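Chains as they are written, first to last, in my numbering: chain A, -5 to 69; chain B, 158 to 696; chain C, 55 to 611; chain D, 63 to 329. Here is the structure we will look at.
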């Protein structure tokens, strides 16, 4: 965590993600749909692993029930 | 108004807004409630939370339709057919309240005969709604213990407007959903004080409280109160009649108070022509509206925040309105302007205050007889309130005792709109409102944030039609009717059916009322703003 | 209106350059197909696939296209922006295009490299990444680089070997140096050392350097002096030094922090008493004075290191322990020397060789278990020998504790004054251990020597020289030119809530009391975007990463 | 109670310690915010809630911010309840008001009002008039958390669908002071559309309220569509408390963990 190029940026982001994920959950949206991980640009394998893991979590959840339809159905 | 008056004897929302929360089914037809009447919508949402069923019938799938248990999309101008089809089902399924009909209504047989000659299949054909849906609609409304009807301009702004309303009245009487809490036929008023303006005789044929000018006793009473020998007994002119009068030189001067007919009235180009023709045009408003721009004299009125007096809202509730700030600049209270002009014409008015005027209203108007400023403290009173002891009337026609005596059934047959689609003008066009704007935008379009929200007009069109016209979302389209043409951007959406387009009328720049049909209902004189035939072409 | 602003009113004309990177990219995805796809994207008017876009030929290609095709945005899809963005954007600038209208898409590190063997997927992903980059580039705005003046003078804090070396090298380059030492003597920790690991005398080395430094006309030396205040920013630091002759105020362009570290005094550890149980540094003193009387010496490594309080490895103590053991053995061959250790940290071939030589000299090494540490009792060290499973008692008359270097007690105060961070152990934390080892995150301030982490004299000297070259790279420019990727605060909408101010790690934001708004010092701003993420009214925005630009990129995903 | 308040204001005005006092006045038949500047003009002073609890509450601090922006050198008094005082603490923290430019006239809310407001602390730290009454324990967030996920989803989807985008929640909010609002930023919130982006519109506001909301409940009172907005913001407060041990507006000088660099503080 202490390796952020901008010193504390990731800590600050993490705090906001903490709040947001719980708010999503409160609104009935699976909090697993939001994820923050710290992977440096030099860590390609870790990045792949993280993304694959995330995909494994996301797939069973299916598309978001809020996904916008292309046409606007109500006004 | 006229339709309800004919059926029930009183032309107003029969029940109180709050009662919507106590009902089992709400049938909304021709009302974009969530957008135009958010406070009524709030009650409806609460009702839904309590388990009430919501039925919405509208040619356009508006916001509140998203909450409906059943949404019916019928063709514009086919309300009577839909309602008759619905009543056919109700009668066939034995959902009619025969006891109520027998005890409290008249002319049922004539009505029944009309319905007998009509089939659900015909209704389905005319409205382009499946038989199954009409049956579901009938059952959901008919089976509810208490059911409320809510309607608005989608019902009234038709050449068949009065018939539409009478049909809704028929429906409520047929199922006994009238004269009880949580039932009724409820027209939503478009402005905060439309009801009040009508109550005050802002119609060509009545004094306050709907006392006909043709009625000798009323006439005499008012003459006496105002200290004159005699008052005219002939009925005045409606707006279309005034315009016609200007055209044939019978009307020389026009005083427009808080209206913007250049944008709001059908066939706008014609309206403009007429207003230019009239010898003296006086406009009283708070902004220099497109109509005020044509005026010879502009009188500065006051805004809501500077007003003092009473409003009567959609549920007949008379409420105090108090100024928050003193009138700005040279502007004056409307009553002061009227009084001043009257005095200059030689008829002395010497009212001291709105309360002074209100006391006169109460003394001359039976339905307002028991109301005083003192009693209006708090939440106000719903008329009729004839005596000082009367608690006001949340809902009308209690226990089937209609204002006119018995509820009157009307046999109504379906008539198509005044203008129908053909090969040359193949699209049905209907108009309405959007949430960010109010009426002709005289106020909302002067608000930076509201105008930012929706800054320009747009035409809603079904994806199928857009594809056929080979036009993309946000692009410009030329739309023409027999009366004029406009160019506007389009919004592709399946809120509307193929063959039907919708456009809001708030925008002077893309004034859809240049296209609308000025043909009006023969009784109510309300023009057919909600349906006309147009053609579309890529701009 | 200048040319740059005019671009905002032009339709974007985007040129896309897809790089094969030899086989690095083209080997794992279909670059030709990607390039073909790029042609279909909105506003893209020119697409070129290159074998190596970063080659001379590739650069010429970009420049030619900017002029010939009248491009006003350039997107290069290739490797890591960290290494190649400067090259491409400066090439754009050479062709007359504002360098901030350049956008880079990395289709190597997170695309071709991670999807090896999935050619179709990688190709598809590259297309999507380019689509996102193109979408963002259309909204890019030209930026003016930020320039400021430079004071060609350097403050070096600390007169140890690191600071001296830095001062020396900077003086060689002709810069003015203020060398500030807190104590009365230069030389730092090395003054206590007897003999260097390389064999030479510490004193000889030091006096040579100190004499040289003191003889330089462009080095002003201050002893018994303390830096009281630092303000300003790179190129223009304002400093106050408390000297024997009173307070000095001056301006310098860069600051070198070489404040060093101190050995841990092992009070309360292994019966430390300073006489029969001593520290490594005390042993150095004894060697210096030549008064070693012991016959049996036991070294205990990692004394007070790698514990709960001090988790880190001090790195150099193993080497120093072995070095001193060898000196002892050389000088007094009859002394029995044993070293008890947890694991030996003898990095580099030279030190590794030392270890073998030490064994050859008869120094005995034994492993101890930190869970069951050696015990020092009256004339005896007992420890558990895990190979034999026995408790071994060693008779001894001198125990030497190899203790770690620890941060100076005033390090937090220095960190606070300089507004630079320290790590969890209290050592100064450089901007990036691998990519920017001697820089602080705050521009113009550098670190060398043991203040950064325990270092040998050779390392400290090397770091000092390294810092000198980092400083020179800045101070020998005509003027300071800084990336325009900085945050800006819209004075119209700012409500002065100071949320950004508390979030800026570089202290680049100040509150303007008169205007009641927050303002950004663009020289100090590093473009991290913390303020933009914090501002409730979007008044703070990061140039080149505005919400609309990022959202266009996301929207195209 | 009102007499004590009137005396206090009168004193502040007469001894010149304040330039004016922002409080409530009964004028033209309704209660409205008013800036009192002369001790002789205190006749219409009132405390709101003339008829029933919550009848006339106004974000007086918001009025005060507007005035203070125009007259930054002057000291003003302001009538505060418990919630208003919490709001002041946050506004000090966010530099919208300066503590030494504000003098509070604190009044405690009667139990009835505290109950109607579901107020955790119905009195200010600095009390001038009224009796301290018990805070109310809140159950709403817990109840919502106890529902299962899909129920929560449909609940909020329905609630958010009712929004008519009137911005009443923002405009009444004593903690909203930005000149430009994210809710009107086209890049985030699509305009001209109803229902508003679900849940983006309301969650955006909630995220902005995370370390600010002082749980006064004006948003709930104002919303014409009856969306339980306060519940949403209560949840953010609960998270802030559970994760970072922070409660907005409870301590005068406490910085928000979201505005501190580095990792979350130890609980």
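Note that the Cβ used here is the ideal one computed from N, Cα and C, for glycine as well. Please read these numbers as outputs of a predicted model, since none were measured by experiment.
Consider the Cβ of residue 55 of chain C: report whether some Cβ of chain D lies at a distance smaller than 7 Å.
-> Locating residue 55 of chain C in the third chain gives position 1, counting from the first residue. Because the pLDDT at residue 55 of chain C is just 45, under 50, the model does not fix this residue reliably, and the value given afterwards should be weighed accordingly. No, no contact with chain D.
**OP:** Mind checking the segment 294 to 313 of chain D against chain A and listing, in chain order, the residues whose C-beta falls within less than 9 Å of any C-beta there?
**Re:** 294, 297, 298, 300, 301, 302, 304, 305 and 306
- prompt: Smallest Cα separation from residue 125 of chain D: which of D/233, D/202 and D/148?
  reply: Residue 125 of chain D sits at position 63 when you count from the first residue of the fourth chain. When each option's Cα is compared against that of residue 125 of chain D, the closest is D/233.
Exercise. So which residues on chain B does residue 256 of chain D lean against when the C-beta distance must stay under 7 Å?
Worked result: Translated into positions along the fourth chain, residue 256 of chain D becomes position 194. Per Cβ cutoff of 7 Å: 192, 220 and 592.
Checklist entry - Considering only C-alpha positions, which residue in the set B/236, B/207, B/181 and B/634 is nearest to residue 318 of chain B? => result Position 161 of the second chain, counted from the first residue, corresponds to residue 318 of chain B. Minimum Cα distance to residue 318 of chain B is reached at B/236.
- Going by DSSP, which residues form a beta bridge with residue 73 of chain C? Here the question's residue 73 of chain C lines up with position 19 in the third chain. Its beta-bridge partners are C/104.
* To do: Just list the beta strand (DSSP E) runs in the segment 431 to 482 of chain C, keeping only unbroken ones of 3 residues or longer that don't cross its boundaries, in chain order.
  => 434 to 439, 444 to 449, 452 to 455 and 459 to 461
Straight-line gap, residue 97 of chain D to residue 175 of chain D (C-alpha atoms, nearest Å) = The sequence position of residue 97 of chain D within the fourth chain is 35, counting from 1. The sequence position of residue 175 of chain D within the fourth chain is 113, counting from 1. Each residue's Cα considered, the two are about 24 Å apart.
Self-check item: residue 173 of chain D versus residue 196 of chain D: straight-line alpha-carbon distance, rounded
Solution: If you number the fourth chain from 1, residue 173 of chain D lands on position 111. If you number the fourth chain from 1, residue 196 of chain D lands on position 134. Computed Cα separation, rounded: 7 Å.
In terms of residue numbering, what span does the beta strand (DSSP E) encompassing residue 92 of chain D cover? Taking the fourth chain and counting its residues from 1, one reaches residue 92 of chain D at position 30. Run containing residue 92 of chain D: 92 to 98, per the beta strand (DSSP E) assignment.
- Task: Determine whether the Cβ of residue 467 of chain C lies closer than 7 Å to any Cβ atom of chain A.
- Result: To locate residue 467 of chain C, count along the third chain from 1; it is residue 413. Answer no: the Cβ-Cβ gap between residue 467 of chain C and chain A never drops below 7 Å.
**Message:** So if I threshold CB-CB distances at 8 Å, which residues from the segment 5 to 32 of chain A count as touching chain E?
**Reply:** The structure shown contains no chain E; its protein chains are A, B, C and D.
| request: Run down chain D in chain order and give the residues with a C-beta less than 8 Å from the C-beta of residue 480 of chain B. | output: Locating residue 480 of chain B in the second chain gives position 323, counting from the first residue. In chain order: 90.
Residue interval of the alpha helix (DSSP H) (run including residue 355 of chain B)
What you label residue 355 of chain B is simply residue 198 of the second chain in a count that begins at 1. Looking at the DSSP string, the run of the alpha helix (DSSP H) that includes residue 355 of chain B is 351 to 356.
Should residue 452 of chain B be labelled buried (16 or more other beta-carbon atoms within 10 Å of its own) or exposed? Here residue 452 of chain B is taken as the residue at index 295 of the second chain, counted from 1. Its Cβ being crowded by 16 or more others within 10 Å, residue 452 of chain B is buried.
Item to complete: For residue 667 of chain B, count neighbouring C-beta atoms within 10 Å of its own C-beta (all shown protein chains included) and say buried if the count is 16 or more, exposed if not.
Response: Within the second chain, residue 667 of chain B is the residue found at index 510, counting from 1. Flag for residue 667 of chain B reads buried.
Q | Length-filtered (4 minimum) alpha helix (DSSP H) runs lying within the segment 500 to 530 of chain C | A | 511 to 529
Next on the checklist: What does the alpha-carbon distance come out to for the pair residue 54 of chain A and residue 214 of chain D?
Outcome noted: The residue you call residue 54 of chain A lines up with position 60 of the first chain. The residue you call residue 214 of chain D lines up with position 152 of the fourth chain. Rounded to the nearest angstrom, the two C-alpha atoms are 20 Å apart.
* To do: Quickly, what does DSSP pair residue 490 of chain C with across the bridge? List them, please.
  => Numbered from its first residue, the third chain carries residue 490 of chain C at position 436. According to DSSP, residue 490 of chain C bridges with C/486.
Query - Which of helix, strand or coil DSSP assigns to residue 154 of chain D - result: Numbered from its first residue, the fourth chain carries residue 154 of chain D at position 92. Residue 154 of chain D: helix per DSSP, three-state reduction.
Practice prompt. State the DSSP-derived secondary structure class of residue 114 of chain C, mapped to helix, strand or coil.
Written response: In the third chain, counting from the first residue as 1, residue 114 of chain C sits at position 60. Correct three-state label for residue 114 of chain C: helix.
Distance check for residue 179 of chain D and residue 170 of chain D, CA to CA, integer angstroms please. As a working note, residue 170 of chain D is residue 108 in the fourth chain. As a working note, residue 179 of chain D is residue 117 in the fourth chain. Those two C-alpha atoms are separated by around 13 Å.
Original post:
With 16 as the cutoff for other CB atoms within 10 Å, does residue 89 of chain C come out buried or exposed?
Top reply: As a working mapping, residue 89 of chain C is identified with position 35 in the third chain. By the neighbour-count rule (16 or more Cβ atoms within 10 Å), residue 89 of chain C is buried.
Requested in this report: Quick one: list the residues of chain A neighbouring residue 214 of chain D, beta-carbon separation under 9 Å, in chain order.
Outcome: Taking the first residue of the fourth chain as 1, we reach residue 214 of chain D at position 152. Ordered by position in chain A, the residues that pass the 9 Å Cβ test against residue 214 of chain D are 19, 20, 21, 22 and 23.
Whole-angstrom distance between residue 448 of chain B and residue 216 of chain B, CA atom to CA atom:
As a position in the second chain, residue 216 of chain B is number 59, starting the count at 1. As a position in the second chain, residue 448 of chain B is number 291, starting the count at 1. So the alpha carbons of these two residues sit roughly 31 Å apart.
Where the alpha helix (DSSP H) containing residue 386 of chain C begins and where it ends
Along the third chain, read from residue 1 onward, the residue named residue 386 of chain C stands at position 332. Note, residue 386 of chain C: premise wrong, no alpha helix (DSSP H); not H, not E.
- Rounded to whole angstroms, what's the CA-CA distance from residue 229 of chain C to residue 519 of chain C? Just pull it up for me. By 1-based counting over the third chain, the position of residue 229 of chain C is 175. By 1-based counting over the third chain, the position of residue 519 of chain C is 465. Answer to the nearest angstrom: the Cα atoms are 14 Å apart.
Query - Inter-stretch contact (C-beta, 8 Å, three-pair minimum) for the segment 324 to 337 of chain B and the segment 360 to 372 of chain B - result: no
Short check: CB of residue 555 of chain C to CB of residue 572 of chain C, under 7 Å?
The residue you call residue 555 of chain C lines up with position 501 of the third chain. The residue you call residue 572 of chain C lines up with position 518 of the third chain. Yes, Cβ-Cβ distance for residue 555 of chain C and residue 572 of chain C is below 7 Å.
- prompt: Below 7 Å between beta carbons: does that hold for residue 41 of chain A and residue 33 of chain A?
  reply: On the first chain, residue 41 of chain A is found 47 positions in, with the first residue counted as 1. On the first chain, residue 33 of chain A is found 39 positions in, with the first residue counted as 1. Yes, Cβ-Cβ distance for residue 41 of chain A and residue 33 of chain A is below 7 Å.
- Task: Return the CA-CA distance between residue 289 of chain D and residue 306 of chain D, expressed in angstroms with no decimal places.
- Result: Translated into positions along the fourth chain, residue 289 of chain D becomes position 227. Translated into positions along the fourth chain, residue 306 of chain D becomes position 244. C-alpha separation (whole angstroms): 28 Å.
Discussion item. DSSP three-state label for residue 497 of chain B, please.
Written reply: Your numbering for residue 497 of chain B matches position 340 in the second chain. Note: residue 497 of chain B maps to helix in three-state DSSP.
Taking Cβ positions, are residue 234 of chain C and residue 211 of chain C nearer each other than 7 Å?
-> For the purposes of this step, residue 234 of chain C is identified with residue 180 of the third chain, where counting begins at 1. For the purposes of this step, residue 211 of chain C is identified with residue 157 of the third chain, where counting begins at 1. Closer than 7 Å, so yes.
So, residue 419 of chain C versus residue 428 of chain C, is the Cβ gap smaller than 7 Å?
Taking the first residue of the third chain as position 1, residue 419 of chain C is located at position 365. Taking the first residue of the third chain as position 1, residue 428 of chain C is located at position 374. Against a cut-off of 7 Å, the Cβ pair of residue 428 of chain C and residue 419 of chain C comes out as no contact.
Residue burial classification, residue 589 of chain C (beta-carbon count within 10 angstroms, cutoff 16)
Walking along the third chain from the start, residue 589 of chain C turns up at place 535. Buried: at least 16 other Cβ atoms inside 10 Å.
Residue 366 of chain C in three-state terms, based on DSSP
Position 312 of the third chain, counting from 1, holds the residue named residue 366 of chain C. Looking at residue 366 of chain C - three-state DSSP - the assignment turns out to be coil, as it is neither helix nor strand.
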